[in-house]
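> There's a structure below that I have some questions on.
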Amino acid sequence: MSLPISAANAPCPMDLALESEEDNHSSDESSDDSVDIIRPDPVEDIPDDDEGQDDDYEAPGEANTPPVNSRKRKWGQKSVSEPALKASYQVALRVAQTKQPYTIAESLILPAVSLMCKAMLGKDEEYEEKLRSIPLSDATIARRIDEMAADVRTQLVEKLLKADYFALQLDESTDVSDEAQLLAFVRFVDQDEMQEEFLFCKQLPGRATSSEIFRAIDDFFHEHHIPWPKCVALCTDGARATCGLKSGLIALVKDAAPQLMWTHCMLHRENLVAKDMSGELSNVMDTVVKVVHFVEKRASQTHLFSSLCDATGEEHTALLRHSGVRWLSRGAVLSRVFELRASLRGFFACHDSAELAECFSDDAWLTKLAYLSDLYRELNRLNGSSMQGRRDAHVNQLYDRMEGFLKKIRRWRGRVREGILSMFPSVEELCESAALSPHLTHTIVSHLEALDDEFGKYFSEAELWRKDKTWIQFPFKDGAADGSNLTVTEEDQLIDLSTDSTCRNAYETRPLVQFWISCQKDFPQLTAKAMRSLLPFATTHLCESGFSSLVYLKSEYSSRLKPEADLALCLKTSICPRIDQLCASH
């Protein structure tokens, strides 16, 4: 792991000890068991036994001696109490979870705790000495994070080896150093619960080709002895490197796991659909991007616009930045621009930007802006409520949500033709005094028709996916097994399940995934088949969240950081590092 202070740059413990003896012939320092918070002299910055010498370092005469007690220093070192060691791990964990630089523990946390103790408890040399004994240097925090991340990974691998199957979610992106980073998350059943965990973050050498991506996954599996046949599903975006049928990642993975199912991220597909606009609506979106860039490109303009919004009593005083990569930002950007339209009209009039000022005086242009704002708000609502951050979400369920959204689009077309605009509140607000013009009606209806066609194209496999899986969603429905590919044993188990009143009660009161997990003991073969269809990820939302954390961790000020250990601790997980066990190992 690349750290602010690396092992290669750290002074040798033997050199430090010899320097200490040359500078201090007295034996006074041998009576001080504490580690100073402020180290004015490098001689004092001697790592403790659990802290840290290199694994291959041996003090003179130690090669053939038995291990020393874990609570004592090696030659030239000072002791660290068990509570201080545990506190060091706990602080390091908080540093990683909050994505802070490693130096913050010694430069801010420790002095702040000392000040709080003095303010609340008064000056007490005993607690100050105990606080100073906690090892919190940046190198120490880095080692603690590495150790805890390794422990979390060990626990995760143990769980994966015990699980019957698991599903993967992958995505690749470029960090601040222009290095390709591959993020992977895994989904599996553990102790009757569906778990989603961060698996790894690997830097890809050179171009992020399908072979490099596969090699990174395959190397991880071989390193941890994870068999490929346990991987039953893989979710990615639709990039060419992943979805090629002959040489893409999917083809390479299917060679290793022939039964694997591939799912194309639904969020990515929605992005492809939503980007397809008519010329008129596309021009509106381009103009909105120009507006945001014009206001934000200079601090003076941003401040002036904020002052103008304050003067006119606007609820918000700033525009939101648009990101083409994080496409869900479009809805928020459009809504904010529409909300501040009056202030923007005055702002551009003052800046002699006639073209942009004219847009905000044009009722037809504003109506198109209002329509896009309302439509993207609906798309974001679909994603926020159905597709993101839900551990019990499964592919069948999200296909149902998508089918419902398509039906709404078809109804909206008819309503717009009839002059009913209540499903688009911003458009309705603008058209209170006059009906929608025939041209604008045609523009909106045509766009809704195009959306319907595009959704149908990108989600054409929905019916095929659900065709023989009716029994999974509706196991108590008559004829649920009709047309399915169940074996005789599985079909008999489905009959037994459908007549079990306890199972029916569980089906009515639990999410579908939890229901099938509860059936595992009594109907093992049937449950195993159902779980293979319920395990796959429907989106790469976890990877998107991971990249957001990566951007925070690996900034221009920490561009050399190897982020995998920090991500293992800061991303939401059900696995906690075993700090007591790590302390006992020192």
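In this text, residue positions in the sequence shown follow my numbering: the first is 35, and each later residue adds one.
We put the beta carbon where it would ideally sit given N, CA and C, even for glycine.
#1: Expressed to the nearest angstrom, what Euclidean distance is found between the alpha-carbon atoms of PRO263 and ARG370?
#2: Smallest Cα separation from HIS298: which of PHE493, LEU119, ALA130 and CYS537?
#3: Decide if the segment 235-242 is in contact with the segment 209-224; the criterion is three or more beta carbon pairs, one per stretch, under 8 Å apart.
#4: In three-state terms, what does DSSP make of PHE489?
#5: Just to check my reading of the structure: TYR433 and ARG364 have Cβ atoms closer than 8 Å, yes? What is that Cβ distance to the nearest angstrom?
#6: Please give the ranges of any alpha helix (DSSP H) in the segment 232-261, keeping only runs that are unbroken, at least 4 residues long and fully inside the region.
#7: Use the C-beta contact count for SER377: other C-beta atoms within 10 angstroms, 16 or more gives buried, fewer gives exposed.
#8: Does DSSP put SER207 in a helix, in a strand, or in coil?
#9: Taking only the alpha-carbon atoms, compute the straight-line gap between LEU233 and LEU605 and give it to the nearest angstrom.
#10: Reducing DSSP to helix, strand and coil, say where HIS298 ends up.
#11: Which same chain residues, not among the five before or five after TRP399, have their C-beta less than 7 Å away from its C-beta?
#12: Measure the C-alpha to C-alpha separation of GLU578 and ASP556 and round it to an integer number of angstroms.
#13: Contact between the segment 134-146 and the segment 189-208 is defined here as three or more beta-carbon pairs at a separation below 8 Å; is this criterion met?
#14: Using 8 Å as the threshold, is the segment 602-617 in touch with the segment 223-232, meaning 3 or more CB pairs across them?
#15: Tell me the DSSP bridge mates of VAL114?
#16: Mind pulling the beta strand (DSSP E) runs of 3 or more residues that sit fully within the segment 104-180?
#17: If you count every other CB in all the chains shown that lies within 10 Å of the CB of ASP614, and 16 or more means buried, which is it?
#18: So, with DSSP's three-state summary, where would you put CYS577?
#19: Please classify GLU373: does DSSP put it in a helix, a strand, or coil?
#20: How far does the alpha helix (DSSP H) with ARG449 in it extend, from its first residue to its last?
#21: With 16 other CB atoms within 10 Å as the buried threshold, where does ARG177 fall?
#22: Please list, in chain order, all residues of the same chain as LEU485 whose beta carbon is under 7 Å from its beta carbon, the five residues on each side excluded.
#23: In this structure, how does DSSP classify SER619 when only helix, strand and coil are distinguished?
#24: Please classify ASP530: is it buried, with 16 or more other beta-carbons within 10 angstroms of its beta-carbon, or exposed?
#25: Taking three-plus beta-carbon pairs below 8 Å as touching, is the segment 147-165 in contact with the segment 177-187?
#26: If you follow the beta strand (DSSP E) that ARG221 is part of, which residue opens it and which one closes it?
#27: DSSP three-state call for PHE510: helix, strand or coil?
On the basis of the coordinates in this document:
#1: 49 Å
#2: PHE493
#3: yes
#4: helix
#5: That pair is no contact at about 24 Å.
#6: 244-257
#7: buried
#8: strand
#9: 11 Å
#10: strand
#11: VAL318 and CYS393
#12: 38 Å
#13: no
#14: yes
#15: The partner list for VAL114 (beta bridge, DSSP) is empty, contrary to what the question assumes.
#16: none
#17: exposed
#18: helix
#19: helix
#20: 429-451
#21: buried
#22: VAL307 and ILE443
#23: coil
#24: exposed
#25: no
#26: 214-224
#27: coil
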